[in-house]
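Before any comments, here is the structure.
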Amino acid sequence: MLSFYPGPSKVYPQTLGFIQEAYEQGIVSINHRSARFERLLKETLENLHQKWDIPSEYTIYFISSATEAWEIVAESLIEQKSMHLYNGAFGKKWSHYVAQIIPQAQSKEFALNESLVECAESITPQQKSSIDTLCLVQSETSNGTGQVINRKDLGFSDDCLIAVDATSSMGGIQLPWSEADVWLASCQKCMGIPAGLGVLICSPKALARAEKLQHKGHYNSILLMEQNRKLFQTHYTPNVLGIYLLNRLSQTLPSIQEIQQSTLEKMAIWEDFWQHQSQFQFDFLIDKKELRLPTVLALQGEASEVHRILRLAEQNHVDLGKGYGVWKENTFRIANFPSHTLEDIHSLIQIIQA
1 MLSFYPGPSK
11 VYPQTLGFIQ
21 EAYEQGIVSI
31 NHRSARFERL
41 LKETLENLHQ
51 KWDIPSEYTI
61 YFISSATEAW
71 EIVAESLIEQ
81 KSMHLYNGAF
91 GKKWSHYVAQ
101 IIPQAQSKEF
111 ALNESLVECA
121 ESITPQQKSS
131 IDTLCLVQSE
141 TSNGTGQVIN
151 RKDLGFSDDC
161 LIAVDATSSM
171 GGIQLPWSEA
181 DVWLASCQKC
191 MGIPAGLGVL
201 ICSPKALARA
211 EKLQHKGHYN
221 SILLMEQNRK
231 LFQTHYTPNV
241 LGIYLLNRLS
251 QTLPSIQEIQ
261 QSTLEKMAIW
271 EDFWQHQSQF
281 QFDFLIDKKE
291 LRLPTVLALQ
301 GEASEVHRIL
311 RLAEQNHVDL
321 GKGYGVWKEN
331 TFRIANFPSH
341 TLEDIHSLIQ
351 IIQA
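Throughout the sequence shown, residue numbering follows UniProt numbering, covering 1 to 354 in sequence.
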């Protein structure tokens, strides 16, 4: 089965060799307080900083998922009031989860073909001044929108933390790290490994907020995570195999600049194909090209057409993403992750054209 599902999705084929390697070397059996694990974690953090061009002053933590990171942001970083700007199902879920912890959390939904900046312009200065943490989704997997993150253009106070969900883009495109204070993602998409590992990246400003608040009444405290990171350990037993796979891939994959270039080139192939093919009646859910996420395509059409292409893919042992949320019946999604090769894309195109 060839998976174009937008997460979990196709893993890099070389992970099979790395898994065997981890087993033979006993990596899968080491404990997270051992010197061997400390060396692995130190090397992995250093490689990710280098491979993804993460500023040296930003700190990286491994957790279980991006969803867990939503909760960590709420418990460790939001002082009194957060604001969530979203245009899709996952941004909405994030705001809902946080509201269970932070009663004063606010949310604002914006249109599919509207940018974050346009949404932010509709918020009054008085509203903005009361917000201490702004929560955004850079890659909305449910509808294939991708947003530009620019701190200054959003117009919130300098003291306001910006937290960004980049679950479907981290590892697949270059991210503007300094434009936000918290970045979060899961590994089963652009990172190309099996599910079960999350990545949380924090700026010094975010850590200063955690120090100020001193919220230690829960296990997933960033303060506890940072205390362990300094020892090159984790605050709970982590997915050691996932960390190892991420480390080995970071040693062998091209730079993030090259990966982004490949991602954009593959996206261009898909855009050209869907513009000119005649087998199905589909349009991109997102009209504006500049708002399309290059790592997840969302196409819309009649429900019968959606069902037809999903059946065709399944009959040919290809897994496509069904529609999600309010777009469940009239859209489908195609992952365009770094693990997907040109050969994979052309194979799917041939199936559609047959």
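Think of the CB as a built atom: it goes at the ideal place given N, C-alpha and C, for glycine as much as any other residue.
On a predicted model such as this, the values are computed, not experimentally measured, just so you know.
Which residues share a DSSP beta bridge with residue i?
i, result
"Val164", "Leu136, Trp183"
"Arg333", "Ala298, Gly321"
"Ile30", "According to DSSP, Ile30 bridges with nothing at all."
"Arg39", "Partner(s): none; Arg39 has no beta bridge."
"Phe4", "Answer is none; Phe4 lacks a bridge partner."
"His84", "Ser107, Cys135"
"Leu45", "DSSP output for Leu45 lists no bridge partner at all."
"Ile193", "Partner(s): none; Ile193 has no beta bridge."
"Asp283", "Gln300"
"Val11", "Answer is none; Val11 lacks a bridge partner."
"Tyr61", "Leu200"
"Arg308", "Arg308 is not bridged to any residue."
"Arg292", "Thr145"
"Ile72", "Bridge partners of Ile72: none, in fact."
"Ile173", "Met170"
Check whether the Cβ atoms of residue i and residue j lie closer than 7 Å to each other.
i, j, result
"Gly144", "Ile54", "no"
"Thr167", "Leu77", "no"
"Val182", "Ala163", "yes"
"Ser82", "Cys135", "yes"
"Glu118", "Arg151", "no"
"Ser255", "Tyr58", "no"
"Ala74", "Ile101", "yes"
"Tyr324", "Ala89", "yes"
"Glu305", "Gln281", "yes"
"Met250", "Asn113", "The sequence shown places Ser at residue 250, not Met. Going by C-beta atoms, Ser250 is not nearer than 7 Å to Asn113."
"Ser95", "Gln138", "no"
"Gly321", "Tyr61", "no"
"Thr341", "Pro294", "no"
"Asn228", "Thr44", "no"
"Phe284", "Ser9", "no"
"Ser339", "Tyr12", "yes"
"Leu245", "Thr15", "yes"
"Ile222", "Ala210", "yes"
"Phe273", "Ile173", "no"
"Gln188", "Gly7", "yes"
"Leu161", "Ala206", "yes"
"Gln233", "Ile352", "no"
Quick check on residue i: buried or exposed, where buried means 16 or more other Cβ atoms within 10 Å of its Cβ?
i, result
"Tyr86", "buried"
"Val148", "exposed"
"Tyr219", "exposed"
"Glu140", "buried"
"Thr124", "exposed"
"residue 355", "Since the displayed the chain opens at 1 and closes at 354, residue 355 lies outside it and no answer follows."
"Met1", "exposed"
"Val296", "buried"
"His317", "exposed"
"Ala354", "exposed"
"Lys92", "buried"
"Ser3", "buried"
"Asp165", "buried"
"Leu40", "buried"
"Val171", "The displayed chain sequence assigns Gly, not Val, to residue 171. Buried, because 16 or more other Cβ atoms sit within 10 Å of the Cβ of Gly171."
"Ala335", "buried"
"Asp153", "exposed"
"Ser129", "exposed"
"Ser347", "exposed"
"Ser142", "buried"
"Leu231", "exposed"
"Gly26", "exposed"
Is residue i near the ligand GDP - that is, is its Cβ less than 6 Å away from at least one heavy atom of it?
i, result
"Glu43", "Ligands are entirely absent from the displayed structure, and the ligand GDP is therefore not among its contents."
What residue ranges within the region 101 to 129 form continuous beta strand (DSSP E) runs of no fewer than 3 residues, ordered along the chain?
106 to 109
Using 8 Å as the threshold, is the region 296 to 311 in touch with the region 322 to 335, meaning 3 or more CB pairs across them?
Yes, they touch.
When you compare the region 240 to 248 with the region 14 to 32, are there three or more beta-carbon pairs, one atom per stretch, that lie closer than 8 Å?
yes
Would the region 103 to 114 count as touching the region 50 to 64 if we require 3 or more Cβ pairs under 8 Å?
no
List in chain order: all unbroken alpha helix (DSSP H) runs of 4+ residues lying wholly within the region 216 to 272.
The region 216 to 272 contains these whole alpha helix (DSSP H) runs: 222 to 229, 240 to 252.
For the structure I just gave you, are there three or more beta carbon pairs, one from the region 61 to 69 and one from the region 264 to 271, closer than 8 Å?
no
Measuring CB atoms only, is the region 274 to 293 touching the region 116 to 135, in the sense that at least three cross pairs come out at less than 8 Å?
no
How do the region 211 to 218 and the region 189 to 201 stand: do at least 3 beta-carbon pairs fall below 8 Å, yes or no?
Using a Cβ-Cβ distance cut-off of 8 Å, the region 211 to 218 and the region 189 to 201 are not in contact, since fewer than three pairs of beta carbons, one from each stretch, lie closer than that value.
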